[in-house]
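Asks: Numbering (the numbering used here), first residue to last: 1 to 288.
Ideal Cβ positions, reconstructed from N, Cα and C, are used throughout, including at glycine.
Keep in mind it's a predicted model, so treat the numbers as computed, not measured.
Input: one structure, supplied below.
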Amino acid sequence: MPEIELSAGVIDYTDTGEPDGGGRQGGTGETLVLVPGLGFGASVWDPLVRELRGEFRIVVPVLPIGAHRRPARPDADLSAQGVAGLLAEFLERLDLRDVTLVQNDAGTAQLLVGVRDERVGRLVLTSCEALDNYPPGMQGKALDLACSVPGGLFLMLQAFRVPFLVGLPFSLGGMAHRPIPYGLVREWYGPLLTDAAIRRDLTRFLRSTRKDTYRQAAGRLREFDRPALVAWGARDVMMPPATGRRLAELLPHGRYVEIPDARTLVQLDNPTALATELRRFVAENPLK
1 MPEIELSAGV IDYTDTGEPD GGGRQGGTGE TLVLVPGLGF GASVWDPLVR
51 ELRGEFRIVV PVLPIGAHRR PARPDADLSA QGVAGLLAEF LERLDLRDVT
101 LVQNDAGTAQ LLVGVRDERV GRLVLTSCEA LDNYPPGMQG KALDLACSVP
151 GGLFLMLQAF RVPFLVGLPF SLGGMAHRPI PYGLVREWYG PLLTDAAIRR
201 DLTRFLRSTR KDTYRQAAGR LREFDRPALV AWGARDVMMP PATGRRLAEL
251 LPHGRYVEIP DARTLVQLDN PTALATELRR FVAENPLK
């Protein structure tokens, strides 16, 4: 994976616009920036990337919220707003303009609106933290509790060493309608399981993110004057569809769709349906 140094440290990313090992380009059209959620690496988007690879340039940054390989600098702002700032910095460093910014699980992309959104041409929010749904669901509340006591996150993460426990409804099994291959889980959670510094980064994120962060950000969504799509998992329990509908109503140019047979990880559960909606959204909203 290519890497780039930001103010918080070095992060990895993938970019289909760069030649692969055989010198082939993976898409040179408009740019989609796909942002993974908490503890998910770039490969969480792979099924969607396979659907859209030849039509768009697709860039996926791995922000320092759990699946990153290098610890952030000790003085880095790893609150939700601080991580959103790193996303804006990433767009600037790669000189990405008029991007279609697609967020899943974490609510990072919302926090750019009205703050540092000048490089965002279109906004897509798939099932994610929003409004008063933070921390979200059983999983989010358990994670928040674990980070509030010394050693709690380490103990909680031990469950990810057991495939059966990972698949339970109160774990990752509750975030996907279809079983998640355990190899992916080990890839995503490997840094958290093996590196205390990565666990400290995630703990910093959770402890420093205010409970009303997304509720306050909702007020700025009313001023977003560009096209927006809210594409929610129809079967999502952790991020209820009612939250997605409320988000779409806040966005002046927002449209709400539900992705069938999908929970929070819509890009894993139904990448074909999500790709269809993204193609339609881009085609119906040409950049000015």
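In the DSSP assignment, find the alpha helix (DSSP H) that holds residue 65 and state where it starts and stops.
Replies: Note, residue 65: premise wrong, no alpha helix (DSSP H); not H, not E.
Asks: For the region 113-132 against the region 42-61, are there 3 or more C-beta pairs whose distance is under 8 Å?
Replies: Short answer: they don't touch.
Asks: With DSSP collapsed to three states, give me the class of residue 26.
Replies: Per-residue confidence for residue 26 stands at a pLDDT of 48, beneath the threshold of 50, marking its modelled position as unreliable; no derived number is given.
Asks: Report yes or no: do three or more beta-carbon pairs, one from the region 277-287 and one from the region 154-169, lie closer than 8 Å?
Replies: No: fewer than three Cβ pairs fall under 8 Å.
Asks: Quick check on residue 37: buried or exposed, where buried means 16 or more other Cβ atoms within 10 Å of its Cβ?
Replies: That one is buried.
Asks: Using alpha carbons as the reference points, say which of 33, 67, 277 lies closest to residue 291.
Replies: There is simply no residue 291 to check, as the chain begins at 1 and stops at 288 in what is shown.
Asks: Which same chain residues, not among the five before or five after residue 4, have their C-beta less than 8 Å away from its C-beta?
Replies: The residues are 10, 11, 13, 90, 93, 94.
Asks: Identify whether residue 127 lies in helix, strand or coil by the three-state DSSP scheme.
Replies: Strand, per DSSP.
Asks: Just reading off the alpha helix (DSSP H) that residue 271 is part of, what are its end residues?
Replies: Here the alpha helix (DSSP H) through residue 271 covers 271-284.
Asks: Which residues bound the alpha helix (DSSP H) around residue 316?
Replies: No answer is possible for residue 316: it lies beyond the span of the chain, which begins at 1 and ends at 288.
Asks: Where do the N-terminal and C-terminal ends of the alpha helix (DSSP H) with residue 152 fall, by residue?
Replies: Element bounds for residue 152: 152-157.
Asks: In chain order, what residues of the same chain lie with their CB nearer than 8 Å to the CB of residue 119, ignoring the 5 residues before and after it?
Replies: Result list for residue 119: 88, 91, 92, 96, 97, 98, 99, in chain order.
Asks: Grab me the residues of residue 84's own chain with a C-beta within less than 6 Å of its C-beta, minus the 5 sequence neighbours each way, in chain order.
Replies: Answer for residue 84: 108, 111, 112, listed in chain order.
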